[in-house]
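The C-terminal residue of the sequence shown carries number 298 in this note's numbering, and the numbering is unbroken. Structure, as structure tokens:
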Amino acid sequence: MKSNKIAILGYPIKHTLSPKMHNYWLKELGISGKYQAIKTPIKNFKKTIKKLCNEGYKGVNLTLPLKEEALKYLNKKDRIVDFVGATNVLIFSKQNVIEGKNTDVYGFKKSLIKLVKNKKRKTAIIIGSGGAARAVLCALIEMRYKKIIIFNRTKKNAEKIKKDFIKNFSSNLKIKIVCENLKNLKRNLEEIDLLVNTTPMGMKNFPPLNINIKKFKTNLAVFDLVYNPLETKLIKDSKKWGIKNTNGLDMLMYQAQRSFYYWLNKKPKVTNKLKKILEKEIK
Ligand code: NAP
Numbered sequence: 016m017k018s019n020k021i022a023i024l025g026y027p028i029k030h031t032l033s034p035k036m037h038n039y040w041l042k043e044l045g046i047s048g049k050y051q052a053i054k055t056p057i058k059n060f061k062k063t064i065k066k067l068c069n070e071g072y073k074g075v076n077l078t079l080p081l082k083e084e085a086l087k088y089l090n091k092k093d094r095i096v097d098f099v100g101a102t103n104v105l106i107f108s109k110q111n112v113i114e115g116k117n118t119d120v121y122g123f124k125k126s127l128i129k130l131v132k133n134k135k136r137k138t139a140i141i142i143g144s145g146g147a148a149r150a151v152l153c154a155l156i157e158m159r160y161k162k163i164i165i166f167n168r169t170k171k172n173a174e175k176i177k178k179d180f181i182k183n184f185s186s187n188l189k190i191k192i193v194c195e196n197l198k199n200l201k202r203n204l205e206e207i208d209l210l211v212n213t214t215p216m217g218m219k220n221f222p223p224l225n226i227n228i229k230k231f232k233t234n235l236a237v238f239d240l241v242y243n244p245l246e247t248k249l250i251k252d253s254k255k256w257g258i259k260n261t262n263g264l265d266m267l268m269y270q271a272q273r274s275f276y277y278w279l280n281k282k283p284k285v286t287n288k289l290k291k292i293l294e295k296e297i298k
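What follows is the structure, encoded as structure tokens:
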């Protein structure tokens, strides 16, 4: 039986959870193959993907600092990759065609549906304006949120997202996108249904996100993309005030599930058992 070869490329790559997830699924589904972590600084990227294509790899996941760099080498990509400006999945074909996908939009959407079961999707806040914020914005628009406020340390980066979104998608969307400086986050929070942190704040070695969520209305849900630590201050505060919340671990698993499907045409299961395995790795 042919053995399937897949990998994640990035630098540093030591702490990635992706091999754990994908090798677990390969084994569970009885698919022959291996998912490796390959240390790849930017300067080695071109030569590495060429080598892996020639060796018959199905494709790769990409992490820091390669998600944007990879755009230069794509033969095929979709609108989401264009807008997000980053690809986290490469699919290699036999003719050495490299297709780029972004599965963060799918990952976020799946985990948000798990968190927010009701259909009351009016106003959402996104904190941050990087690649992850762009993926979250795509998902929230697909889910028909009516007003989205983007708070960012550098307001002009938030304004750039709004401009790019209108250029890439539609200028006559029935949605309001508002950009604000992060310093103003403390006010006007009563009418919010969802708050999403897409910055690294709260992550190991970063300061916590400094907001006072107790003032929020009870219907609020909080989504922190950070998953290491499993409980940031934002998540701890949400728990304290009885606010629905999730960290970024579900999103991580669902983006991986979609990547796996792109390479092997099989949809593995996201289960509590797998989540427990990953949580143990993080702790
Ligand atoms: P990025 O492109 O580098 O963007 C980072 C954003 O955070 C920028 O808007 C930046 O603001 C802001 N920021 C950074 N440090 C800050 C600080 N000290 N104070 C205030 N704002 C700060 O990164 P990204 O790719 O979007 O990823 C962001 C986070 O999401 C990372 O922690 C990543 O691990 C996480 N993530 C999780 C998943 C998942 O599956 N759970 C998926 C993707 C990403 P400026 O614009 O002012 O620079």
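From the three backbone atoms N, C-alpha and C, an ideal C-beta is built for every residue, glycine too.
(request) Pull up the distance between the alpha-carbon of Leu197 and that of Ile140, whole angstroms please. (result) Within the sequence shown, the letter at position 182 stands for residue 197. Within the sequence shown, the letter at position 125 stands for residue 140. If you take the alpha carbons of Leu197 and Ile140, they lie about 11 angstroms apart.
(message) Applying the 10 Å Cβ sphere with the 16-neighbour rule, what's the burial state of Arg94?
(response) The residue given as residue 94 occupies position 79 in the sequence shown. With fewer than 16 other Cβ atoms within 10 Å, it is exposed.
(message) What ranges does the alpha helix (DSSP H) occupy inside the segment 130–167, keeping only unbroken runs of at least 4 residues that lie completely in it?
(response) 146–157
(message) Just verifying my parser: in three-state terms, what is the DSSP assignment at Thr169?
(response) Here the question's residue 169 lines up with position 154 in the sequence shown. Three-state DSSP puts Thr169 in coil, outside helix and strand.
(request) Enumerate in chain order the residues of its own chain whose CB-to-CB distance from Trp385 is below 7 angstroms, with the five nearest sequence positions on each side excluded. (result) Any property of residue 385 remains undetermined from this structure, which presents the chain solely from 16 to 298.
(message) Between which residues of its own chain and Ala150 is the CB-CB distance below 7 angstroms, once the five residues before and five after are set aside?
(response) Position 135 of the sequence shown, counted from the first residue, corresponds to residue 150. Once the five neighbours on either side are set aside, the close Cβ partners of Ala150 are Val99, Asn117, Asp119, Val120 and Phe123.
(request) Confirm the yes/no value for this check: CB of Leu130, any heavy atom of ligand 1, distance under 6 angstroms. (result) One-based indexing of the sequence shown puts residue 130 at position 115. Leu130: no, Cβ never under 6 angstroms from ligand 1.
(message) Under DSSP, the alpha helix (DSSP H) around Leu41 begins and ends at which residues?
(response) In the sequence shown, the residue the question calls residue 41 occupies position 26. That run of the alpha helix (DSSP H) goes Ser33 to Glu43.
(message) Suppose the cutoff is 6 angstroms on Cβ atoms and the five residues either side in sequence are ignored; what does the same chain contact list for Arg273 look like?
(response) Walking along the sequence shown from the start, residue 273 turns up at place 258. If we look at Arg273 and ignore the five residues flanking it on each side, its Cβ neighbours are Thr118 and Tyr121.
(request) Assign Gln270 to buried or exposed, taking buried as 16 or more other Cβ atoms, counted over all protein chains shown, within 10 Å of its Cβ. (result) What you label residue 270 is simply residue 255 of the sequence shown in a count that begins at 1. Answer is buried; the Cβ neighbour count reaches 16.
(request) Flag this pair as yes or no: are the beta carbons of Asp82 and Ala101 separated by less than 7 angstroms? (result) Here residue 82 is taken as the residue at index 67 of the sequence shown, counted from 1. Here residue 101 is taken as the residue at index 86 of the sequence shown, counted from 1. One point to set straight first is that residue 82 is Lys, not Asp, in the sequence displayed. Their beta carbons are under 7 angstroms apart, which means Lys82 touches Ala101 by this criterion.
(message) Using a Cβ-Cβ cutoff of less than 7 angstroms, which residues in the same chain neighbour Thr261 once the five nearest sequence positions on both sides are dropped?
(response) The residue given as residue 261 occupies position 246 in the sequence shown. Same-chain partners within the cutoff: Ser126, Leu130 and Phe238.
(message) Any heavy atom of ligand 1 inside 6 angstroms of the beta-carbon of Ala236?
(response) Here residue 236 is taken as the residue at index 221 of the sequence shown, counted from 1. Checking every heavy atom of ligand 1 against the Cβ of Ala236, none is found closer than 6 angstroms.
(message) How far does the beta strand (DSSP E) with Ile259 in it extend, from its first residue to its last?
(response) In the sequence shown, the residue the question calls residue 259 occupies position 244. In the sequence as presented, Ile is not what sits at residue 259; that position holds Lys. Taken as a continuous stretch (DSSP letters only), the beta strand (DSSP E) holding Lys259 covers Lys259 to Thr261.
(request) Run the proximity test for Arg168: is its beta-carbon closer than 6 angstroms to any non-hydrogen atom belonging to ligand 1? (result) Locating residue 168 in the sequence shown gives position 153, where the first residue counts as 1. It does: the Cβ of Arg168 is within 6 angstroms (strictly closer) of some heavy atom of ligand 1.
(message) I'd like to confirm the pairing. Which residues does DSSP put opposite Ile28 in its beta bridges?
(response) Taking the sequence shown and counting its residues from 1, one reaches residue 28 at position 13. Beta-bridge pairing links Ile28 to no other residue.
(request) Compute every distance between the C-beta of Pro215 and the non-hydrogen atoms of ligand 1, then say whether any falls below 6 angstroms. (result) Against the sequence shown, residue 215 aligns to sequence position 200. Yes; taking the cut-off as 6 angstroms, the Cβ of Pro215 has a heavy atom of ligand 1 nearer than that.
(request) Rounded to whole angstroms, what's the CA-CA distance from Leu204 to Ile46? Just pull it up for me. (result) In the sequence shown, the residue the question calls residue 204 occupies position 189. In the sequence shown, the residue the question calls residue 46 occupies position 31. Going from the Cα of Leu204 to the Cα of Ile46 covers about 48 angstroms.
(message) Closer than 8 angstroms is the cut-off here; do at least three beta carbon pairs connect the segment 55–74 with the segment 25–32?
(response) yes
(request) Along the beta strand (DSSP E) that carries Lys116, what are the first and last residues, could you check? (result) Stepping through the sequence shown from its first residue, residue 116 is reached at position 101. Element bounds for Lys116: Ile113 to Lys116.
(message) Assuming contact is defined by CB atoms lying nearer than 7 angstroms, are Ser226 and Leu200 in contact in what I supplied?
(response) Position 211 of the sequence shown, counted from the first residue, corresponds to residue 226. Position 185 of the sequence shown, counted from the first residue, corresponds to residue 200. In the sequence under discussion, the amino acid at residue 226 is Ile, which differs from the Ser named in the question. Yes, Cβ-Cβ distance for Ile226 and Leu200 is below 7 angstroms.
(request) Could you have a look at Asp93 and say whether DSSP puts it in helix, strand or coil? (result) Stepping through the sequence shown from its first residue, residue 93 is reached at position 78. Note: Asp93 maps to coil in three-state DSSP.
(request) Let me know if Ile258 comes out buried or exposed under the rule of 16 or more other beta-carbons within 10 Å of its beta-carbon. (result) If you number the sequence shown from 1, residue 258 lands on position 243. Buried, because 16 or more other Cβ atoms sit within 10 Å of the Cβ of Ile258.
(request) Starting from Leu105, follow the beta strand (DSSP E) in both directions and report where the run begins and ends. (result) Working through the sequence shown from its first residue, we reach residue 105 at position 90. Where Leu105 is concerned, the enclosing beta strand (DSSP E) stretches over Val104 to Phe107.
(message) So the candidates are Ile21, Lys20 and Leu41; which of them puts its Cα closest to the Cα of Lys284?
(response) Taking the sequence shown and counting its residues from 1, one reaches residue 284 at position 269. The candidate whose alpha carbon is nearest that of Lys284 is Leu41.
(request) Pull up the distance between the alpha-carbon of Ile32 and that of Cys153, whole angstroms please. (result) Taking the sequence shown and counting its residues from 1, the one referred to as residue 32 is at position 17. Taking the sequence shown and counting its residues from 1, the one referred to as residue 153 is at position 138. In the sequence under discussion, the amino acid at residue 32 is Leu, which differs from the Ile named in the question. About 25 angstroms.
(request) Check whether the segment 185–195 touches the segment 216–223, counting contact only when three or more Cβ pairs, one atom from each stretch, lie closer than 8 angstroms. (result) no
(request) Measure the CB-CB distance between Leu240 and Ile297 and report whether it falls below 7 angstroms. (result) Within the sequence shown, residue 240 is the residue found at index 225, counting from 1. Within the sequence shown, residue 297 is the residue found at index 282, counting from 1. Not in contact: Leu240 and Ile297 (Cβ atoms no closer than 7 angstroms).
(request) For Asp239, verify whether its CB is less than 6 angstroms away from any heavy atom of ligand 1. (result) In the sequence shown, residue 239 corresponds to position 224, counting from 1. The answer is no for Asp239.
(request) May I have the straight-line CA-CA distance separating Leu264 from Asn111, to the nearest angstrom? (result) Locating residue 264 in the sequence shown gives position 249, where the first residue counts as 1. Locating residue 111 in the sequence shown gives position 96, where the first residue counts as 1. The alpha-carbon atoms of Leu264 and Asn111 are separated by roughly 33 angstroms.
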